[in-house]
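The structure under discussion appears below in the form of structure tokens.
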Amino acid sequence: MSAPDIQAVKTYLLELQDRICAALEKEDGKAKFAEDLWQRKEGGGGRSRVMAEGAVFEQAGIGFSHVYGEKMPPSATVHRPELAGRDFQALGVSLVFHPRNPYIPTTHCNVRFFIAQKDNTEPVWWFGGGFDLTPYYGYEEDAVHWHQTAQAACAPFGNHVYPAYKKWCDDYFFLKHRNEPRGIGGIFYDDLNEGGFERCFNFMQSVGDHFLPAYLPVVARRKNTAYGERERDFQLYRRGRYVEFNLVYDRGTLFGLQSGGRTESILMSLPPLVKWRYNWHPAPGTEEAKLYEVFLQPRDWLSGK
Numbered sequence: 662m663s664a665p666d667i668q669a670v671k672t673y674l675l676e677l678q679d680r681i682c683a684a685l686e687k688e689d690g691k692a693k694f695a696e697d698l699w700q701r702k703e704g705g706g707g708r709s710r711v712m713a714e715g716a717v718f719e720q721a722g723i724g725f726s727h728v729y730g731e732k733m734p735p736s737a738t739v740h741r742p743e744l745a746g747r748d749f750q751a752l753g754v755s756l757v758f759h760p761r762n763p764y765i766p767t768t769h770c771n772v773r774f775f776i777a778q779k780d781n782t783e784p785v786w787w788f789g790g791g792f793d794l795t796p797y798y799g800y801e802e803d804a805v806h807w808h809q810t811a812q813a814a815c816a817p818f819g820n821h822v823y824p825a826y827k828k829w830c831d832d833y834f835f836l837k838h839r840n841e842p843r844g845i846g847g848i849f850y851d852d853l854n855e856g857g858f859e860r861c862f863n864f865m866q867s868v869g870d871h872f873l874p875a876y877l878p879v880v881a882r883r884k885n886t887a888y889g890e891r892e893r894d895f896q897l898y899r900r901g902r903y904v905e906f907n908l909v910y911d912r913g914t915l916f917g918l919q920s921g922g923r924t925e926s927i928l929m930s931l932p933p934l935v936k937w938r939y940n941w942h943p944a945p946g947t948e949e950a951k952l953y954e955v956f957l958q959p960r961d962w963l964s965g966k
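Reading the sequence shown from the start, the letters are residues 662 to 966 in the numbering used here.
Printed below as a string of structure tokens:
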């Protein structure tokens with residue numbers, strides 16, 4: 662079984678961040694990513710990039726981080742008490758893109774690697790991540806394309822992988838306090854070390870490499886769709902759900918804050934503008950209601966059921 666190669670993971674993650682930034686700048690055509698380099702006093706740091714006030718993207722954040730230390734944060738040890746007392750390293754790229762046009766979905770992608778080590782013992786390591794899509798106005802062809810690409814990312818690793826990780830995504834990106842999904846899902850996985858380092862690393866790369874082919878065609882189809890104040894208002898309202906999930910449930914947010922990460926980089930996933938409205942529901946028969954009735958329901962997008 663191959664030993665973990667932390668440098669190989671780091672090299673891939675930095676290249677992935679570069680590649681996604683270049684593609685997004687090309688798609689936007691106006692704005693560029695601003696870069697911040699930061700360090701954590703406990704060990705490690707990162708490279709945060711944010712695009713703001715673009716033609717297509719109102720705000721897009723993508724961060725690379727490589728943090729390490731001796732004290733594990735509670736979010737990492739609560740389900741894995743055997744990690745207590747070990748040195749750790751955590752590497753990852755995480756992104757959230759908030760488009761300007763309400764007909765373009767918000768999206769999230771994350772790929773990460775974690776390793777905990779202790780003298781005279783085998784290291785404990787795993788990969789995690791995935792990508793998911795959060796539309797404001799749903800389109801069947803976009804949802805099908807998104808899930809077909811997610812399936813393609815998983816296909817070389819077994820026919821069972823996509824269905825299992827789709828369900829994991831549906832279950833994870835769910836707002837329990839509202840009893841509704843965050844969006845139409847995608848794939849999500851964590852604690853992956855089955856089959857050895859090389860196989861798991863290859864899977865992480867496949868997930869990262871399939872993100873742009875999954876998202877950019879959706880952006881291209883919707884970025885010129887005309888919209889008005891009604892659609893914009895609904896977009897800002899639904900962004901509130903995104904904020905609620907990231908601040909209440911997201912494991913990456915909790916890990917980042919508890920491990921002493923850079924707050925600005927951790928919270929750059931939040932949208933620049935958002936609304937909340939008391940006890941509001943869309944009128945029956947509207948396109949806004951269709952989001953809830955059709956797209957925020959459990960669905961096998963590949964079979965149409």
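Backbone N, C-alpha and C fix where the C-beta goes; we use that ideal spot for every residue, glycine too. Keep in mind that this is a model prediction, so the values were computed, not measured.
Would you kindly report the start and end of the unbroken beta strand (DSSP E) that includes Ala669?
Working through the sequence shown from its first residue, we reach residue 669 at position 8. No beta strand (DSSP E) holds Ala669; the alpha helix (DSSP H) holding it covers Ile667 to Asp689.
Taking a contact to mean a Cβ-Cβ separation below 8 Å, would you say Ala713 touches Ala692 in this structure?
Working through the sequence shown from its first residue, we reach residue 713 at position 52. Working through the sequence shown from its first residue, we reach residue 692 at position 31. Result yes, Cβ atoms of Ala713 and Ala692 sit closer than 8 Å.
So the alpha helix (DSSP H) Pro874 belongs to, where does it begin and stop?
Position 213 of the sequence shown holds residue 874. Element bounds for Pro874: Phe858 to Arg883.
Is the stretch 773 to 787 close to the stretch 746 to 759, with three or more CB pairs under 8 Å?
Yes, the stretch 773 to 787 is in contact with the stretch 746 to 759.
Would you mind reading off the limits of the alpha helix (DSSP H) that contains Pro824?
Numbered from 1 along the sequence shown, position 163 holds the residue referred to as residue 824. Val822 to Tyr833 is the span of the alpha helix (DSSP H), which, as asked, contains Pro824.
Pull up the distance between the alpha-carbon of Leu675 and that of Phe694, whole angstroms please.
The residue you call residue 675 lines up with position 14 of the sequence shown. The residue you call residue 694 lines up with position 33 of the sequence shown. Spanning the two alpha carbons is a distance of roughly 15 Å.
I need the DSSP call for Arg773, collapsed to helix, strand or coil.
Residue 773 sits at position 112 when you count from the first residue of the sequence shown. Looking at Arg773 - three-state DSSP - the assignment turns out to be strand.
Could you spell out where the alpha helix (DSSP H) holding Arg900 opens and where it closes?
The residue you call residue 900 lines up with position 239 of the sequence shown. Run containing Arg900: Glu890 to Val909, per the alpha helix (DSSP H) assignment.
Applying the 10 Å Cβ sphere with the 16-neighbour rule, what's the burial state of Pro842?
By 1-based counting over the sequence shown, the position of residue 842 is 181. Flag for Pro842 reads buried.
I'd like the span of the beta strand (DSSP E) that includes Ile723, first residue to last.
Counting from one through the sequence shown, the residue named residue 723 turns up at place 62. From DSSP, the beta strand (DSSP E) with Ile723 extends over Phe718 to Gly730.
Let me check understanding here. Comparing Cα to Cα, which of Val711, Glu731 and Pro959 lies closest to Ser920?
Start at 1 with the first residue of the sequence shown, and residue 920 comes out as number 259. Ranking the options by Cα distance to Ser920, first place goes to Glu731.
Quick check: the Cα distance between Ser926 and His727, rounded to an integer number of angstroms?
Here residue 926 refers to the residue found at position 265 when the sequence shown is read from its first residue. Here residue 727 refers to the residue found at position 66 when the sequence shown is read from its first residue. One C-alpha to the other measures close to 13 Å.
Sort Thr767, Ile681 and Phe834 by Cα distance to Arg710 and report the nearest one.
As a working mapping, residue 710 is identified with position 49 in the sequence shown. The shortest Cα separation from Arg710 among Thr767, Ile681 and Phe834 belongs to Ile681.
Please list, in chain order, all residues of the same chain as Gly846 whose beta carbon is under 7 Å from its beta carbon, the five residues on each side excluded.
Here residue 846 corresponds to residue number 185 of the sequence shown, with the count starting at 1. Asp793, Lys827, Cys830, Asp831 and Phe834, listed in sequence order.
Between which two residues does the alpha helix (DSSP H) containing Asp803 stretch?
Your numbering for residue 803 matches position 142 in the sequence shown. Counting along the chain, the alpha helix (DSSP H) containing Asp803 begins and ends at Glu801 to Cys815.
If we count Cβ pairs, one from each stretch, closer than 8 Å, do we get three or more for the stretch 801 to 817 versus the stretch 873 to 880?
With the cut-off at 8 Å, the stretch 801 to 817 and the stretch 873 to 880 touch.
Where do the ends of the beta strand (DSSP E) carrying Thr970 lie?
Summary: the structure shown does not reach residue 970, with the chain confined to residues 662 through 966, and so no result is reported for it.
May I ask you to report which of helix, strand or coil DSSP gives Val955?
Counted from its first residue, the sequence shown places residue 955 at position 294. Val955 falls in the helix class under three-state DSSP.
Report the option in Asn820, Leu928 and Asn940 whose CA atom is closest to the CA atom of Phe758.
Start at 1 with the first residue of the sequence shown, and residue 758 comes out as number 97. Closest by alpha carbon: Leu928.
Along the chain, where does the beta strand (DSSP E) containing Glu696 start, and where does it finish?
Translated into positions along the sequence shown, residue 696 becomes position 35. That run of the beta strand (DSSP E) goes Ala695 to Gln700.
Determine the direct distance from the alpha carbon of Asn781 to that of Asn840, and round the result to whole angstroms.
Here residue 840 refers to the residue found at position 179 when the sequence shown is read from its first residue. Here residue 781 refers to the residue found at position 120 when the sequence shown is read from its first residue. In this structure, the alpha-carbon of Asn840 lies about 46 Å from that of Asn781.
Within its chain, find whatever has a CB closer than 7 Å to the CB of Ala950; leave out the 5 residues flanking it on each side and keep chain order.
Residue numbering aside, residue 950 sits at position 289 when the sequence shown is read from its first letter. Here the set comprises Pro943 and Ala944.
The alpha helix (DSSP H) with Ile927 in it runs from where to where?
Taking the sequence shown and counting its residues from 1, the one referred to as residue 927 is at position 266. Note, Ile927: alpha helix (DSSP H), Thr924 to Ile927.
Take Val904 as the anchor and find which of Asp894, Trp937 and Gly922 has the nearest alpha-carbon.
Residue 904 sits at position 243 when you count from the first residue of the sequence shown. Of Asp894, Trp937 and Gly922, the residue nearest in Cα terms is Trp937.
Rounded to a whole number of angstroms, what is the C-alpha to C-alpha distance between Thr767 and Thr795?
Position 106 of the sequence shown, counted from the first residue, corresponds to residue 767. Position 134 of the sequence shown, counted from the first residue, corresponds to residue 795. Annotation: Thr767 to Thr795 spans about 5 Å, alpha carbon to alpha carbon.
Do Val717 and Lys884 have their CB atoms nearer than 8 Å?
Sequence index remark: in the sequence shown, residue 717 carries index 56 (1-based). Sequence index remark: in the sequence shown, residue 884 carries index 223 (1-based). Yes, the pair counts as a contact, with Cβ atoms nearer than the cut-off.
Could you check which residue in Cys861, Arg899 and Asp961 has the C-alpha nearest to that of Ala669?
Within the sequence shown, the letter at position 8 stands for residue 669. Among Cys861, Arg899 and Asp961, the Cα nearest to that of Ala669 is on Cys861.
Would you kindly report the start and end of the unbroken alpha helix (DSSP H) that includes Leu918?
Numbered from its first residue, the sequence shown carries residue 918 at position 257. Looking at the DSSP string, the run of the alpha helix (DSSP H) that includes Leu918 is Arg912 to Gln919.
Taking the beta strand (DSSP E) that Tyr749 falls in, what are its first and last residues?
Position 88 of the sequence shown, counted from the first residue, corresponds to residue 749. Correcting the residue type first, residue 749 is Phe in the shown sequence and not Tyr. Asp748 to Pro760 is the span of the beta strand (DSSP E), which, as asked, contains Phe749.
Which stretch, first to last residue, makes up the beta strand (DSSP E) that contains Val935?
Working through the sequence shown from its first residue, we reach residue 935 at position 274. For Val935, there is no enclosing beta strand (DSSP E), as DSSP marks it with neither H nor E.
Contact check, Lys779 vs Gly746 under 8 Å by CB: the rounded distance?
On the sequence shown, position 118 is the one that residue 779 refers to. On the sequence shown, position 85 is the one that residue 746 refers to. With 8 Å as the limit, Lys779 and Gly746 qualify as a contact, their Cβ atoms being about 7 Å apart.
Check whether chain B comes within 8 Å of Gly922, counting only Cβ atoms and requiring the distance to be less than that.
No chain B is part of this structure, which consists of one protein chain only.
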